[in-house]
Structure formats: structure tokens, C-alpha cells
Amino acid sequence: MAERILQDIAEQKIRLTIAQITENRAEQLGVCYTLATDYSSLGDFHQAIEYHKQYLSIAKEDSCRACEGKAYFNLGHAYGSLREFQRAIEYHKKSLCIAKEIGDRELEKRACCYLGILYQSLREFQRAIKYHNQHLSIAREVGHRRCEGDAYYSLGFIYQSLSEFQRAIECHKEFLYIAEEIGDRKAEGCAYRHLGTAYQSLSEFQRALEYHKESLCIAEEVGDRKSESRAYDSLGTVYHYLCEFQRAIEHYEESLRIARNVGDKEGEGCTYGNLGNVYQSLSEFQQAMDCHKKSLSIAKEINDRETELLAYCRIGTVYGSLGNYERAKGYHKQSLSTAKEFGDRKGEEVACCNLSGDYHSLNDFKKAIKYSMQHLSIADEIGDRMGKGCAHNHLGSYLLELGSLNEALDHFRCSVKIYDTVRASYISEDGSKISFRTHHESSYTNLWQVLVMLERNDEALYAAERGRAQALFDALKVTYGLTSLSPGSIESEEEVRYISRKTTVLTVFLALHLKTVNIWVLGKEGNPVFRQKEIEIGREHEDSFTFLLDTVLKNIRAGVGIRCENRSMDKLSDDSTPSSTLDDNRTSEPSQGTTDLLQPLYDAVLGPIEDLLDGHELIVVPDGALSKAPWAALSETLRIRTVPSLTSLKVITDSPREYHSKSGALLVGDPCLKKITNKWGNPIYDPLKYARMEVEMIEKILKSQSLTGEDATKEAVLQNIGSVALVHIAAHGRKETGEIVLAPDPRWESKTPTEKDYILKMSDIQAVKLRARLVVLSCCHSGQGPVSSEGVVGMARAFLFAGARSVLATLWAIDDEATMMFMKSFYEHLGSGESAAVALQRAMKCLRDSQDYSAPKYWAPFVLMGDDVRIELEKGH
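Heads up: the sequence shown is residues 2 to 878, going by our numbering.
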């Protein structure tokens with residue numbers, strides 16, 4: 002093909018000479034345009050520019066404004082291809098001006114499109130948005146649907162770069178809709194891929210996988226091998242985020258194989274970089290380095306400056322992980338140089354961020370601050386709010402280490418304000434909010450810590466509370482219809498101050514840092530009382546409070562045995578010998594039950610404020626590892642319950658009076674699990690005869706009906722759970738999250754049940770609007786889950802999220818028979834009109850005073866979360 006073009010060029014040059022001799026102006030215009038087009042096809046844009054300039058000169062001499070506008074446009078396109086973006090912009094603006102003057106809407110549309118792309122390349126996103134919106138408007142006006150789609154595609158990409166993922170998703174969906182309408186399957190696949198990337202950025206990984214798989218299917222259908230390679234690469238990235246490293250590697254390797262086969266060097270270089278990231282996550286640094294260097298080599302070969310820049314950055318990061326900060330600094334300086342040469346302001350910003358970290362690791366605070374200031378300046382210039390938040394946090398951290406507390410405070414305040422604003426503006430899904438807050442936790446923690454150091458303890462409380470359970474708070478506002486507070490709104494300091502001073506129940510707010518617990522006591526007259534306690538346990542750099550809690554719980558477990566089946570959902574693997582044994586402590590001998598095992602925990606947290614504990618009721622707002630502490634068991638005289646945050650408690654207690662039901666109970670016990678078997682056909686889960694007896698006993702106390710055996714299906718539970726005042730579930734629970742195993746639907750005799758048929762998950766509950774005043778999860782581990790700023794993210798939180806006013810849950814595997822005895826006492830007191838907190842306290846005392854179940858193992862795992870409630874049920878529900 003190149004030979005044919007070269008032959009055409011030779012012929013056109015002869016024609017141009019003749020046209021010049023004969024002074025045929027029209028012929029000269031046509032030949033100059035053809036020659037410029039031919040040279041562009043060969044990638045020789047400098048020669049193309051020469052002929053576009055000749056075309057422009059002739060157009061000006063002939064006063065042909067349309068031809069002049071066309072010439073300016075083509076020159077802009079050529080300079081853009083040479084990555085001389087500023088010159089390209091100048092020519093496209095001239096083209097746009099002429100297009101408006103002569104009313105050429107097509108040229109105006111194209112000029113706006115390319116101006117948007119150029120500003121996008123320069124990371125000047127607001128200007129890019131302006132021109133793409135003009136492009137979109139004209140495309141709509143002239144009815145050009147494909148161009149509309151192109152505009153939505155570009156806008157989606159920009160909003161994604163700005164971390165405005167919801168707006169990006171809206172644009173990608175418009176692009177997808179248009180692609181489907183005009184029958185462009187390749188564009189559909191592209192839209193699905195970008196939707197997957199956007200949902201991936203929101204940590205909605207299941208959706209991301211679905212969209213990337215759809216993109217892959219379309220690429221295979223239309224035979225687009227390049228897009229197929231890109232789809233495998235995208236899937237690999239999602240699996241990397243999910244920490245499924247082997248699956249990520251497999252997908253990246255498939256992407257590489259296809260890219261090599263079709264000669265997609267750009268895709269190959271990109272995928273090598275992503276593969277290197279996986280090996281770095283696995284701490285396989287040599288393999289990571291090899292991949293990043295291959296990525297760098299390919300990028301240089303094909304002049305892919307963007308991938309080259311990324312490769313320098315990633316190689317530097319690997320050296321940083323190896324502790325070789327000098328070499329890391331060298332590569333990051335190279336990435337900065339490349340970004341400047343490339344005109345990539347975002348690349349410059351990232352390089353400055355990395356260099357500030359390198360110099361900090363080298364204890365050169367002056368240069369660390371210098372590069373952080375550059376990072377902040379560039380982020381501000383290009384409108385990168387997330388980058389600004391990060392830069393402010395880094396600057397605050399460096400100044401804090403240098404002892405400049407007030408300057409550090411200003412930067413931490415700026416960082417938190419930015420993150421709050423970003424989060425409020427674009428994140429909607431619960432999981433995304435949790436992920437976002439966790440990722441930026443250091444800014445929130447740094448803010449309250451420096452306030453404590455400045456002895457501004459009340460302000461520190463407000464700052465610490467502001468960072469707690471934000472996602473739950475947003476959900477509760479929606480659940481209870483508090484429309485005056487929109488999702489994502491940020492509570493003011495005055496609101497938190499009001500809550501802290503007006504609370505009527507003694508409340509303890511905890512904030513952990515290293516070996517120190519910071520304690521605020523609210524509910525006394527005047528300002529909150531502040532205390533601190535340092536605990537000297539655990540090894541250096543170890544989380545002291547995790548160590549403390551693990552030690553206490555280990556001693557509790559080691560001190561007793563379990564004689565009956567527990568309600569754990571730990572499965573037997575397909576390779577395991579069939580057995581009913583589900584707990585490794587069941588064979589040990591019981592020892593004397595004593596609260597001494599809990600004393601270290603009491604001394605660390607409640608001991609420092611013992612003189613203030615003068616009532617009978619206590620609310621604890623725990624932090625970190627202490628979110629999993631057995632709070633209700635720490636005192637025989639105090640009724641202790643927990644809440645994720647002060648603001649979430651306020652929303653629950655201020656919920657509309659008529660919101661929660663006053664009648665009806667859903668009692669679920671001992672679901673039939675015999676259809677859930679291993680490869681030998683043996684049941685995986687043991688029957689829980691005492692769980693069945695438990696709900697039958699409660700049924701008599703409350704005069705309500707229960708679901709047991711084959712009737713206790715997931716479908717039946719979800720159908721009945723939304724309207725009742727009380728929910729009680731006695732079943733097996735999953736160790737990590739507390740998710741509950743229910744009976745598969747007996748109508749599906751021919752179907753082998755999958756987990757979605759019988760596992761009650763957090764997402765199932767969060768999708769239901771509950772009216773329950775009290776939920777009792779009489780299952781093993783129902784209070785378990787990952788710990789974040791939300792507290793424990795598990796089933797108990799899911800029920801609060803969905804509208805339950807109060808939840809009673811368990812922290813570890815509970816004994817079947819002991820729990821029945823516990824619940825008998827609990828419901829007798831609840832039925833007599835006492836509150837849930839009182840009933841819990843007396844049920845624990847019942848076991849503690851018993852002969853068989855006096856050990857903490859049996860009575861200490863029960864925790865009450867949320868409000869304290871009373872249940873007055875009408876008969877016969």
C-alpha cells in the first residue's frame with residue numbers, strides 16, 4: 002500500500018508543477034490537499050503540513066473562507082498527530098471561528114470535537130468538556146447520531162478521569178444506547194468495556210466483570226482480535242482488584258498472546274505493565290521488574306509516550322518497595338521529565354507525588370515538601386480534586402513530622418474537606434462509599450490526631466466522628482425518608498457538637514492510634530470528658546488492640562469446651578472426610594467460667610474512665626479492632642450496647658415515630674439443609690435441634706408462628722421480613738461475614754442448589770426495606786465481618802442499613818443448647834416489657850449463674866447494636 006501511495010505522490014507532484022505553470026488555482030488546491038492526505042497516510046506529518054500550508058496560502062489569496070477554514074482544520078489535525086497540542090489548538094480555533102462565520106455546521110462540529118480531544122490530551126478537562134458539549138449539541142441539531150455517540154464517549158472518558166464515575170457511567174450508557182440503535186457492534190463492545198472500567202473504579206467489581214465479559218463476547222463475535230485482547234486485559238485488572246491474582250495473571254497472559262498474534266504492540270506494552278502490577282502485589286519484585294521493563298521497551302519502540310511514562314513510574318515504585326529509594330527517585334525523575342516533554346500534566350502530577358514520597362523516605366523533608374507543593378499546584382491547575390486531597394495529606398504528614406502542628410492541621414482540614422466533597426458528589430453504592438473512605442482513611446485519622454496533639458480535644462471528637470460510618474449514615478437518611486438531608490451530605494461540626502452535648506445516655510467514643518486509646522465520655526454535664534490510655538502489649542509495629550482482643554478471645558476459647566453442635570457454617574471441603582465436627586474446641590474440657598478473662602479488655606478501655614461510669618446504661622462507639630469486642634460482657638452492672646457512630650444513632654432514634662412496626666414477628670429456626678451435600682452426597686451442615694426448639698419456645702412466649710425445616714427458605718424469609726416488628730433467625734452462620742444459611746426451596750427437587758438459592762447475604766438484606774424494631778441473629782459469627790470506618794461490615798450492619806432499629810448479634814461460634822437457654826431467658830424478660838438491653842443483661846446472668854454454661858464462651862459473644870427497644874407484639878401474626 003505504501004508503494005501505491007508513493008507512486009501517487011510522484012504523480013501528484015507532476016500535476017502540481019503543471020498547475021502552477023498554468024496558474025490553475027483550483028487544480029493547485031486539489032493537488033495540495035491530495036498530497037497532504039497521502040503524506041498523512043504515510044505518517045509523514047511534517048510533509049503533510051507543508052502542503053496544508055500551501056493549500057492555506059492559495060485559499061487566502063483567493064479569499065475562499067470555506068477553503069481557509071478547511072486548511073486550518075487539517076493543519077490542526079496534523080499538528081495534533083505530532084502531539085504539538087498547543088499549535089493544533091490554535092489552528093482548530095481559527096477553523097472554528099471561520100465555520101461560525103460562514104455557517105458551516107459540519108466544520109464547526111468537527112472543530113469542536115478535535116478541540117475537546119486536544120484539551121483532553123492536555124488534561125485541561127473543563128475546557129475539553131466545554132467543546133465536547135458544543136460538539137454534542139451540534140450533532141443533535143443536525144441529527145448525526147454517530148457523532149452524538151462519539152461526544153458521549155469522550156465526555157465519559159473525561160468524567161472518569163475526573164473521578165466523577167456516576168456521570169461517566171451516564172455518558173457511557175448513552176454511547177451504548179446509540180451504538181445499539183445504529184447497529185455498531187464494535188462500538189457496543191467499546192461502551193461495555195468503558196462501563197466495566199467505571200464500575201471497577203466504584204469498587205462494584207461484579208458489575209465490572211459482567212460488562213467486561215460482554216465486551217469480550219462482542220469482540221469474539223465480530224472477530225475484533227484487538228478488542229478481544231483489551232477485554233482480557235480489563236478482566237485481568239478486575240481480578241487483580243479482587244486479589245484473585247492467579248486469575249488476573251491468566252487473563253493478562255491471554256491478552257498478551259492475542260496482542261502478539263495481531264501485532265498490537267500498544268496493547269502488549271500496556272498489559273505487560275498491568276501484569277507487573279500483579280507480581281508487585283504478590284511481592285514477586287523481580288518478575289514485576291521484568292514486566293515493567295518489557296512494557297518500557299515496547300513503549301519506546303512504538304513511541305507510546307503515555308505507557309513509557311507509566312513504566313518509569315512503576316519501575317520506580319518497585320525499587321521503592323525494595324527500599325532502594327535512590328533508584329526509585331531516578332526513575333520517578335525520568336517519569337517527570339517524560340511527562341513534561343509529553344505535555345502530560347497528570348503525568349507530571351503523579352511523578353511529583355512519587356518523588357515527594359522518595360525524598361521523604363530519604364529523610365530529605367525540604368525536597369519532599371517541594372515536590373508535594375508542585376503536586377498540589379498541578380492538581381489545582383488541572384482540576385484533579387483527588388490529587389489535591391492526596392497532596393494536602395502528604396504535606397500535612399511531613400509538617401507534622403517536623404513539628405509544625407498548626408500548618409499540618411490546615412493541610413489535613415483541606416484534605417478531608419476535598420474528600421468529603423468528592424464522595425458526596427459522585428458515589429452512590431454502599432460498597433463504593435466504604436471503599437472510598439477506607440482508601441483515604443489516613444487524612445481523617447491525621448486530622449483528629451493532630452487536634453489531640455494540640456489539646457483541642459472537643460474539635461478532635463468532632464473530626465473523628467465525622468469520619469465514622471458515613472455510608473451507613475447516608476443509607477439511613479434515605480431509609481427513613483429524611484429528604485432534607487441528601488445522600489452524601491456532610492454533617493457540620495455544629496451538628497456533631499449538638500449530638501455530643503445533648504445525648505442523655507452515657508456514651509463512650511473511642512479512637513485508636515498505635516498503642517493509645519483516645520476516649521471521650523459524653524452525657525455528663527458540660528463538655529465531653531477526654532482521657533487517654535496507652536497499652537504496652539504486642540510486638541513493634543503490631544496493632545496493639547488487635548493483639549489485645551485476639552489474646553482475650555483466644556483465652557476464652559481455650560478455657561472452655563463445647564459439648565453440643567454449634568451454629569457455625571464452616572463447610573467441609575469436597576476432599577474432607579465426612580464428619581459432623583465443626584469446631585476445634587469441642588473436645589476440650591470445660592473450665593470454670595470467669596470474667597477474669599475479660600479483665601484486660603476492661604482495664605484498657607473502661608478502666609481509665611471507671612470514675613465516670615455512674616449509671617446503669619452505656620453506649621460505646623468503638624473503633625478498629627475493638628468493633629469486635631464483647632462489650633456487653635465487660636460489666637455485670639452496666640447495660641452496654643454499641644453504635645457505629647453518633648450521627649447514625651441520632652438518625653435511628655429520630656426516625657419517624659410510625660416507621661417501625663409494632664406488630665408481627667418472623668421466627669426462623671433450623672432450616673432443612675439435607676439437599677446441600679458434598680461430592681459423596683453427604684450433608685455439609687448438621688441439623689440444629691436446639692435452634693428448632695428455640696424458635697418453638699419463642700413462638701409460645703410471643704404467640705407467633707415460626708418457619709422451620711423445609712419452610713425456612715431464603716425466599717420465604719425475604720417475602721416476610723419487611724413488615725414485622727421482630728425478626729429472629731436461629732441457623733448456621735458463616736465465619737467471615739455472618740451470612741446465614743437457609744433452606745433451598747423444596748419445589749426445586751431436580752435442581753442442585755447453589756449458594757444464591759440458600760445463603761442470605763448482606764446484599765439481600767440491604768435490598769429490603771425493614772420495619773423491624775429488633776432483629777435477633779441467633780447464628781454463629783453474625784456480628785462478624787471486615788472492620789472499616791463503618792465498624793464491622795457484616796450481617797448486623799446490613800440489618801441496620803435496611804432499617805432495623807436494633808440488632809442482637811454474636812461474635813463467635815455459639816453453642817446450640819446454651820443459646821436456646823440464653824434465648825429463653827432473653828425472651829421471657831423481653832415479653833414482660835423490659836428493653837432489649839435489660840433482657841440481654843439478664844440472659845447473660847442466667848448463663849453465668851448456671852452450672853453448665855457459666856464460662857464466658859457461652860454468654861459473652863452476644864452484642865446489642867443500635868437503639869435500645871421494647872417489643873409489644875399483637876397476637877396471632
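Don't be surprised by glycine CBs; every beta carbon is placed ideally from N, CA and C.
Residue i in three-state terms, based on DSSP
{"i": "E659", "result": "coil"}
{"i": "K534", "result": "strand"}
{"i": "R258", "result": "helix"}
{"i": "I730", "result": "strand"}
{"i": "G524", "result": "coil"}
{"i": "G616", "result": "coil"}
{"i": "H514", "result": "strand"}
{"i": "I641", "result": "strand"}
{"i": "M698", "result": "helix"}
{"i": "V669", "result": "strand"}
{"i": "M2", "result": "coil"}
{"i": "P684", "result": "strand"}
{"i": "A744", "result": "strand"}
{"i": "V788", "result": "strand"}
{"i": "N134", "result": "helix"}
{"i": "N519", "result": "strand"}
{"i": "D816", "result": "strand"}
{"i": "S284", "result": "coil"}
{"i": "T505", "result": "coil"}
Residue from the options with nearest C-alpha to residue i
{"i": "G739", "options": "A3, D151, S724 and S783", "result": "S783"}
{"i": "G184", "options": "E205, F206, R146 and E211", "result": "R146"}
{"i": "L69", "options": "Q87, I118, H729 and K101", "result": "Looking at the sequence shown, residue 69 is not Leu but Glu. Answer by Cα proximity: K101."}
{"i": "L363", "options": "R346, G104 and R328", "result": "R328"}
{"i": "N134", "options": "R111, S122 and L123", "result": "R111"}
{"i": "L613", "options": "T508, V417 and F343", "result": "T508"}
{"i": "L513", "options": "A819, W860 and A605", "result": "A605"}
{"i": "T439", "options": "R194, A220, E791 and I702", "result": "E791"}
{"i": "P609", "options": "L619, I520, I685 and C114", "result": "I520"}
{"i": "A472", "options": "P645, Q600, D597 and D63", "result": "P645"}
{"i": "S138", "options": "D597, E109, A89 and R693", "result": "E109"}
{"i": "Y499", "options": "V479, E466 and T709", "result": "E466"}
{"i": "V319", "options": "Q281, V553 and S230", "result": "Q281"}
{"i": "F863", "options": "L801, S779 and S833", "result": "S779"}
{"i": "E107", "options": "A67, Y92, Q127 and F126", "result": "A67"}
{"i": "T505", "options": "E24, E618 and G150", "result": "E618"}
Cut-off 7 Å between Cβ atoms - residues of its own chain near residue i, not counting five sequence neighbours on either side
{"i": "K368", "result": "Y360"}
{"i": "N407", "result": "none"}
{"i": "I872", "result": "A726, L727, R774, L775 and L831"}
{"i": "C415", "result": "H393"}
{"i": "A888", "result": "Since the first residue shown for the chain is 2 and the last is 878, residue 888 is missing from the structure and cannot be characterised."}
{"i": "C172", "result": "Y153, L156, G157 and Y160"}
{"i": "G625", "result": "L513, F546 and V788"}
Any chain C beta carbon closer than 8 Å to residue i
{"i": "S216", "result": "Absent from the structure: chain C. Only one protein chain is present."}
Contact set for residue i: own chain, Cβ-Cβ below 8 Å, skip 5 residues either direction
{"i": "V793", "result": "S628, K629, G784, Q785, G786 and P787"}
Closer than 7 Å: residue i CB and nearest the ligand FMN heavy atom
{"i": "G197", "result": "For the structure depicted, the ligand FMN is absent and the ligand set is empty, with no information on it obtainable."}
Cβ-based neighbour list, residue i, same chain, cut-off 6 Å, excluding 5 preceding and 5 following
{"i": "S656", "result": "Y481"}
{"i": "V316", "result": "The sequence given here places Ile at residue 316; Val does not occur at that position. Excluding sequence neighbours, I316 sits near H293 and Y332."}
{"i": "S836", "result": "D869 and R871"}
{"i": "I259", "result": "R226, E229 and S230"}
{"i": "R186", "result": "I219 and V223"}
Touch test, the segment 11-22 against the segment 31-47, Cβ-Cβ under 8 Å, three pairs minimum: With a cut-off of 8 Å, the segment 31-47 and the segment 11-22 count as touching, because enough Cβ pairs lie within range.
Cβ contact (3+ pairs, closer than 8 Å) linking the segment 722-733 and the segment 772-788: Result yes; three or more Cβ-Cβ pairs closer than 8 Å.
Validate contact between the segment 850-869 and the segment 814-822 using beta carbons, cut 8 Å, 3 pairs: When Cβ pairs closer than 8 Å are counted between the two stretches, the segment 850-869 is seen to touch the segment 814-822, the count reaching three or more.
Touching by the beta-carbon criterion (3+ pairs, under 8 Å), the segment 232-242 and the segment 273-283: Verdict: yes, contact present.
Length at least 4, wholly inside the segment 324-349: the alpha helix (DSSP H) runs in chain order: Contiguous alpha helix (DSSP H) elements confined to the segment 324-349 occur at 326-343, taking only those with 4 or more residues.
Contiguous alpha helix (DSSP H) assignments of at least 4 residues, all confined to the segment 415-448: Correct list: 431-440.
Meets three-Cβ-pair contact criterion under 8 Å: the segment 711-719 and the segment 728-747: At 8 Å Cβ cutoff, the stretches touch.
The segment 623-643 / the segment 680-692 touching (three or more Cβ pairs under 8 Å): By the C-beta criterion, the segment 623-643 is judged not to be in contact with the segment 680-692, since fewer than 3 inter-stretch pairs fall below 8 Å.
4-residue-minimum alpha helix (DSSP H) runs that sit fully inside the segment 88-124, ordered along the chain: Counting only unbroken stretches of 4 or more residues, the alpha helix (DSSP H) elements lying wholly within the segment 88-124 are 106-122, in sequence order.
Contiguous alpha helix (DSSP H) assignments of at least 4 residues, all confined to the segment 835-860: Complete alpha helix (DSSP H) runs here, min 4: 837-849 and 857-860.
Runs of beta strand (DSSP E) lying entirely within the segment 383-420, each at least 3 residues, in chain order: Fully enclosed beta strand (DSSP E) runs of 3 or longer: not present.
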